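Participant: One structure, as structure tokens, below. Some questions next.
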Ligand SMILES: Cc1cc2nc3c(=O)[nH]c(=O)nc-3n(C[C@H](O)[C@H](O)[C@H](O)COP(=O)(O)OP(=O)(O)OC[C@H]3O[C@@H](n4cnc5c(N)ncnc54)[C@H](O)[C@@H]3O)c2cc1C
Ligand code: SF4
Ligand code: SF4
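Chains as they are written, first to last, in my numbering: chain A, 1 to 419; chain B, 1001 to 1417.
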């Protein structure tokens, strides 16, 4: 049976007044005729999914989707944000895609949906794996066999994990509060340096940072590729790792904004997980910039920033906007002397997690991101800032400008490490 | 620096955007927070000020607004003052010009433009892309439509224009490059018009079918980001004046206005946060001290010194009417006046026509004091620092008066002061 939350999400479709505002904002419908837009595949088609369910659903199985174009929705969530009637279009789409896929993921999607497995396998063989990923002929073979586009931005393995760094790290400052840090797969296997900066920025502000061991994948890639069963298992695993910290009253900060959103909301709203442990953990989750700005609102952030005389375009990724927390990265940047920040107005970079890696969707993703890439280049930046890892890789790939997490800018302003 | 905002504007329609721009450009730290997009995306993209008084068309919208204001002291124009209307129109025009999307008209001449059905529609300011459509101009009109764009019927428009005494004819084309698409969304066409190759293919089809001295009407999809360029380019290629006629929502001209506001606001340092409704507030009894919104994990307070409420009327969810016809303002629970009277019924069903023809004025809305502060049940300002603007205000009949944007801009500008 579906949970109350999931039913509530579904029933928002009755609020649709067919104004098409969502379609005007959808970045995918804007660039490809393969996708008619959120109103059509969301509230409109969902009506038929509901109608058909009792008649056509196979025994215990999912109802068929009347519209195969659902696969082209990237899940960016912009439609849900602009809908004036509160229809949860993107959430409806994600669930419909899972029903459409029916748990039968092609091999490629199974692979790219398991970053922790890839990380565990790739890290010990980083030099070989990275050489493979950097080699155009080999990438051509991968594209042919697996369907991962040869030019898609795949990050290199760091070769050592953030967990290894955290185990050796010794805190030097006294602490007035404790937080747990959920680093996510990408920080662990691809960007351990970001994890180190995060720990140091938090310590700089009087936090004792605990890095729970055995942090597994949050399940987002599985969810967005439509394997809800495996995604739910991943969710259960991660939440049981974080639950003791939440129960002990620790705030849990995340640097991966989309994974943090899973823990805050999507487990309940999309995967339909109803156990009390999910609520307990959700209530303790903070995006890193949200947390730091929260400290500032309490008057507890060290605002003794050194000047950072750089030009930095900032792109708030779609999933960051889904948090509904405003743009705390911009607020924090506003405290740094001489930093010139340009807020980007383009909606989406296109990558949407694993979407833009796929052979058949790579060009769509690049077209979606084109206005953002152009605006970033036009800002003549020193470096770009963005809260989400896959978006950073896509921005660097599409614009040629290196993209960093906002924490890296703060770290420079605190004199911890230069950009 | 304090962590709060000087002003929070709730709502991102014409009223909210105008209030926010006014405040931010006066140096106040401003946050716009809205459930979703507002009337910009639904309406024509023109600025109606006042089209009719008691069913009679007006010639000078701003002067007529002054007459209306003195005849009806509860009308929003009476509260904002007509000076505010004049200034707001000027500020709006200047803002749009700075954003590269200029408007024409001065507010003192009623412009007469063809509607999506070919009727004459009075308005006060129009984007340059619609200016050549003024029906007081003599040139005959060719209405061009696309058989793969279903929301615009050139033959119907031309016929109605003829009936209104204007020379007009229709041409139906197939949008080049989309021959296999049966039903194009307006935004797809608008993006196509942004591109020079599309315009040149179109002009090659259309040019030979034009007669000298005609002007050319298109559905209002002439470009999303490069509308001015598209207009100039088409006029050059066709050798004729070109203009847009508004279509069904979503409104491309309105989206251009929203995008222009959005760019100006962000460039001035305001925050624009769309996608998250305000669900509550904090008060010290006299003043609103913070607004509460729902985030993915928990409710969050946004501290502020003042609030402009521009959540629109019943159509936008700023006011909800329950099945007992009791109206409620959603954020502060403010008393709503002129609530919907029980409509006449026909065969036991309510008759919308009867509702719209009723002599009693006004949609349900908020009563405000001279400073635009909504009144509580005792008739005094509910909070010292809470202001209301736009369709939320009671006392107007925007659909009949054709006054929607004028009221929103004037009250938005006043509230943003
Ligand atoms: C489908 C539709 C068709 C319409 N057609 C016509 C027409 O043909 N002719 C006509 O004259 N008028 C029409 N209207 C009405 C017209 O849109 C309004 O009169 C006009 O837009 C009012 O402008 P505004 O700025 O006051 O409010 P709006 O433009 O309505 O903006 C309200 C804003 O407030 C936000 N909001 C609402 N509640 C909250 C909350 N709790 N927290 C945060 N934000 C909130 C909304 O998301 C929105 O951004 C139509 C409206 C709709 C919905
Ligand atoms: S924006 Fe919302 S109400 Fe409008 S068509 Fe889309 S889902 Fe429906
Ligand atoms: S989630 Fe993004 S891609 Fe999918 S329908 Fe909504 S706006 Fe379009």
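C-beta: ideal position from N, C-alpha, C; glycine also.
Note that the coordinates shown come from a computational prediction; the quantities given were computed from them, not determined experimentally.
Would you report the Cα separation of residue 118 of chain A and residue 413 of chain A, rounded to the nearest angstrom?
Facilitator: Stepping through the first chain from its first residue, residue 118 of chain A is reached at position 118. Stepping through the first chain from its first residue, residue 413 of chain A is reached at position 413. Between residue 118 of chain A and residue 413 of chain A, the C-alpha separation is close to 34 Å.
Participant: Looking only at its own chain, which residues have a Cβ that is under 6 Å from the Cβ of residue 225 of chain A, when we skip the five neighbours before and after it?
Facilitator: Start at 1 with the first residue of the first chain, and residue 225 of chain A comes out as number 225. Closer than 6 Å at Cβ, skipping near neighbours: 105, 109, 113.
Participant: Following the continuous beta strand (DSSP E) through residue 1172 of chain B, name the residue where it begins and the one where it ends.
Facilitator: Taking the first residue of the second chain as position 1, residue 1172 of chain B is located at position 172. Residue 1172 of chain B -> beta strand (DSSP E) spans 1168-1173.
Participant: Rounded to whole angstroms, what is the Cα-Cα separation between residue 333 of chain A and residue 289 of chain A?
Facilitator: For the purposes of this step, residue 333 of chain A is identified with residue 333 of the first chain, where counting begins at 1. For the purposes of this step, residue 289 of chain A is identified with residue 289 of the first chain, where counting begins at 1. Each residue's Cα considered, the two are about 10 Å apart.
Participant: Step through the CB atoms of chain B and report whether any lies within less than 8 Å of the CB of residue 30 of chain A.
Facilitator: On the first chain, position 30 is the one that residue 30 of chain A refers to. Yes, residue 30 of chain A lies at the interface with chain B (some Cβ there is under 8 Å from its Cβ).
Participant: Looking at residue 1245 of chain B: is its Cβ nearer than 8 Å to the Cβ of residue 1217 of chain B?
Facilitator: Position 245 of the second chain holds residue 1245 of chain B. Position 217 of the second chain holds residue 1217 of chain B. Contact: yes.
Participant: Show which residues of chain B have a CB atom less than 7 Å away from the CB atom of residue 297 of chain A.
Facilitator: Against the first chain, residue 297 of chain A aligns to sequence position 297. The answer, in chain order, is 1003.
Participant: Closest Cβ-Cβ distance between residue 205 of chain A and chain B: below 8 Å?
Facilitator: In the first chain, residue 205 of chain A corresponds to position 205, counting from 1. Residue 205 of chain A does not count as touching chain B.
Participant: Using beta carbons (cut-off 8 Å, strictly below), is residue 343 of chain A in contact with chain B?
Facilitator: If you number the first chain from 1, residue 343 of chain A lands on position 343. Yes, residue 343 of chain A lies at the interface with chain B (some Cβ there is under 8 Å from its Cβ).
Participant: Kindly indicate if chain A contains any beta-carbon less than 8 Å away from that of residue 1246 of chain B.
Facilitator: As a position in the second chain, residue 1246 of chain B is number 246, starting the count at 1. Residue 1246 of chain B does not count as touching chain A.
Participant: Assign residue 134 of chain A to one of three DSSP states: helix, strand, or coil.
Facilitator: Working through the first chain from its first residue, we reach residue 134 of chain A at position 134. It is helical.
Participant: Please determine whether the Cβ atom of residue 39 of chain A lies at a distance below 7 Å from any heavy atom of ligand 2.
Facilitator: For the purposes of this step, residue 39 of chain A is taken as residue 39 along the first chain, with counting starting at 1. Checking every heavy atom of ligand 2 against the Cβ of residue 39 of chain A, one is found closer than 7 Å.
Participant: Can you tell me the Cβ-Cβ gap for residue 5 of chain A and residue 266 of chain A, rounded? I've got them flagged as a contact below 8 Å.
Facilitator: As a working mapping, residue 5 of chain A is identified with position 5 in the first chain. As a working mapping, residue 266 of chain A is identified with position 266 in the first chain. Actually they do not touch by this definition, with Cβ atoms about 10 Å apart.
Participant: Check the DSSP bridge columns for residue 1212 of chain B and list the partner residues they point to.
Facilitator: Counting from one through the second chain, the residue named residue 1212 of chain B turns up at place 212. Per DSSP, none; premise fails for residue 1212 of chain B.
Participant: Apply the 10 Å Cβ neighbour rule to residue 1160 of chain B and answer buried if 16 or more other Cβ atoms are within range, or exposed otherwise.
Facilitator: Position 160 of the second chain, counting from 1, holds the residue named residue 1160 of chain B. The residue in question, residue 1160 of chain B, is buried, as its Cβ has 16 or more Cβ neighbours within 10 Å.
Participant: So for residue 1145 of chain B, helix, strand or coil by DSSP?
Facilitator: Along the second chain, one-based indexing puts residue 1145 of chain B at 145. Note: residue 1145 of chain B maps to strand in three-state DSSP.
Participant: By DSSP, does residue 1157 of chain B sit in helix, in strand, or in coil?
Facilitator: Along the second chain, one-based indexing puts residue 1157 of chain B at 157. In this structure, residue 1157 of chain B counts as helix in the three-state DSSP scheme.
Participant: Among A:93, A:281, A:257, which has the Cα closest to the Cα of residue 248 of chain A?
Facilitator: As a working note, residue 248 of chain A is residue 248 in the first chain. The shortest Cα separation from residue 248 of chain A among A:93, A:281, A:257 belongs to A:281.
Participant: What is the residue span of the alpha helix (DSSP H) that residue 395 of chain A lies within?
Facilitator: In the first chain, counting from the first residue as 1, residue 395 of chain A sits at position 395. Residues 389-399.
Participant: Quick one: is the Cβ of residue 1160 of chain B within less than 7 Å of any heavy atom of ligand 3?
Facilitator: Against the second chain, residue 1160 of chain B aligns to sequence position 160. Checking the Cβ of residue 1160 of chain B against ligand 3 gives no.
Participant: Is residue 1342 of chain B helix, strand or coil when you go by DSSP?
Facilitator: Here residue 1342 of chain B is taken as the residue at index 342 of the second chain, counted from 1. Residue confidence for residue 1342 of chain B is low, a pLDDT of 47 falling below 50, so the modelled location carries little weight; the figure read from the coordinates is stated next. Coil at residue 1342 of chain B, not helix or strand.
Participant: At a cut-off of 7 Å, would you count residue 78 of chain A as near ligand 3, judging by its Cβ distance to the nearest heavy atom?
Facilitator: Walking along the first chain from the start, residue 78 of chain A turns up at place 78. True, at least one ligand heavy atom lies under 7 Å from that Cβ.
Participant: Looking at C-alpha atoms only, which residue of A:168, A:203, A:215 is the closest neighbour of residue 187 of chain A?
Facilitator: Position 187 of the first chain, counted from the first residue, corresponds to residue 187 of chain A. Considering only alpha carbons, the answer is A:215.
Participant: Using a Cβ cut-off of 8 Å (strictly closer), state whether residue 92 of chain A contacts chain B.
Facilitator: In the first chain, counting from the first residue as 1, residue 92 of chain A sits at position 92. By this cut-off, residue 92 of chain A is not an interface position.
Participant: For residue 1319 of chain B, which residues in chain A fall below 7 Å Cβ to Cβ?
Facilitator: By 1-based counting over the second chain, the position of residue 1319 of chain B is 319. By Cβ distance, chain A contributes nothing, its closest Cβ being about 14 Å from residue 1319 of chain B, past 7 Å.
Participant: Answer with buried or exposed for residue 1232 of chain B, where buried requires no fewer than 16 other C-beta atoms within 10 angstroms of its C-beta.
Facilitator: If you number the second chain from 1, residue 1232 of chain B lands on position 232. Classification of residue 1232 of chain B: exposed, given that the 10 Å Cβ count is below 16.
Participant: Please classify residue 1399 of chain B as buried or exposed, where buried requires at least 16 neighbouring CB atoms within 10 angstroms.
Facilitator: The residue given as residue 1399 of chain B occupies position 399 in the second chain. Its Cβ having fewer than 16 others within 10 Å, residue 1399 of chain B is exposed.
Participant: Tell me which residues of the region 1266-1277 of chain B have at least one Cβ-Cβ distance to chain A shorter than 8 Å, keeping chain order.
Facilitator: If the cut-off is 8 Å between Cβ atoms, the region 1266-1277 of chain B has 1266, 1271, 1273, 1274, 1275, 1276, 1277 near chain A.
Participant: If the cut is a Cβ gap below 7 Å, which residues of chain A does residue 1181 of chain B touch?
Facilitator: Looking up residue 1181 of chain B in the second chain gives position 181. Going along chain A in sequence order, the residues near residue 1181 of chain B (Cβ under 7 Å) are 33.
Participant: Note the first and the last residue of the continuous beta strand (DSSP E) segment covering residue 1198 of chain B.
Facilitator: Translated into positions along the second chain, residue 1198 of chain B becomes position 198. Here residue 1198 of chain B belongs to no beta strand (DSSP E); instead the alpha helix (DSSP H) covers 1196-1206.
Participant: Closer than 6 Å by C-beta to residue 1145 of chain B: which residues in its own chain qualify, once you throw out the five before and the five after it? Chain order, please.
Facilitator: Numbered from its first residue, the second chain carries residue 1145 of chain B at position 145. For residue 1145 of chain B, where only same-chain residues beyond five positions count, the Cβ hits under 6 Å are 1152, 1154, 1172.
Participant: Drop a sphere of 10 angstroms on the beta-carbon of residue 321 of chain A, count the other beta-carbons inside from all chains shown, and report buried for 16 or more, exposed for fewer.
Facilitator: Reading the first chain from its first residue, position 321 is the one you call residue 321 of chain A. Buried: at least 16 other Cβ atoms inside 10 Å.
Participant: Smallest Cα separation from residue 1117 of chain B: which of B:1410, B:1308, B:1248?
Facilitator: On the second chain, position 117 is the one that residue 1117 of chain B refers to. Closest option to residue 1117 of chain B, Cα to Cα, is B:1248.
Participant: Taking only beta carbons into account, state which residues of the region 1228-1256 of chain B come closer than 7 Å to chain A, listed in chain order.
Facilitator: Within the region 1228-1256 of chain B, the qualifying residues are 1249, 1250, 1255.
Participant: What does residue 1291 of chain B reach in chain A if we use C-beta pairs closer than 8 Å?
Facilitator: Stepping through the second chain from its first residue, residue 1291 of chain B is reached at position 291. Those do not exist, as residue 1291 of chain B stays about 12 Å from chain A at its closest Cβ, beyond 8 Å.
Participant: Classify residue 1005 of chain B as helix, strand or coil using the three-state DSSP reduction.
Facilitator: By 1-based counting over the second chain, the position of residue 1005 of chain B is 5. The answer is strand: DSSP assigns residue 1005 of chain B an E or B state.
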